[in-house]
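**Q** The structure's right below; bear with me while I get my questions together.
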Amino acid sequence: MIRLSGVTKSFGRQRVLDGLDLEIPGEKITVILGQSGSGKSVILKHIIGLMKPDSGEIYINSTDITKLNDRELNEV
5 MIRLSGVTKS FGRQRVLDGL DLEIPGEKIT VILGQSGSGK SVILKHIIGL MKPDSGEIYI
65 NSTDITKLND RELNEV
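If you're matching positions, the sequence shown starts at 5 in this note's numbering and goes up one per residue.
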């Protein structure tokens, strides 16, 4: 399972994610749809650890990946 809780991300003055809460069950296929510039790629980059949120938590299973260093993240 992947869970985002209160995830916020800004680039300068532009807030891209604003308190995002999202839960993706592990056994389901999930599609993220939205207009260009709506934050879809930013969400995915957070889930795979390429970006860290300004605030909030991102859990893969029960591990909060926002608190992991690169080596630990590779082990998840």
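All C-beta atoms, glycine included, are put in the ideal place defined by N, C-alpha and C.
(1) Taking DSSP as the reference, what is the three-state secondary structure of Glu79?
(2) For Thr70, which of helix, strand or coil comes out of DSSP?
(3) In this structure, what does DSSP give as the bridge partners for Thr12?
(4) Tell me which same chain residues have a C-beta within less than 6 Å of the C-beta of Leu24, skipping the five on either side of it?
(5) I'd like the ranges of any beta strand (DSSP E) spanning at least 3 consecutive residues and lying wholly in the segment 10-46.
**A** This is what the structure holds:
(1) To locate residue 79, count along the sequence shown from 1; it is residue 75. Glu79: helix per DSSP, three-state reduction.
(2) Residue numbering aside, residue 70 sits at position 66 when the sequence shown is read from its first letter. Thr70 falls in the helix class under three-state DSSP.
(3) Sequence index remark: in the sequence shown, residue 12 carries index 8 (1-based). Thr12 is bridged to Ser59.
(4) For the purposes of this step, residue 24 is taken as the residue at position 20 of the sequence shown. Around Leu24: Leu8, Val11.
(5) 18-28
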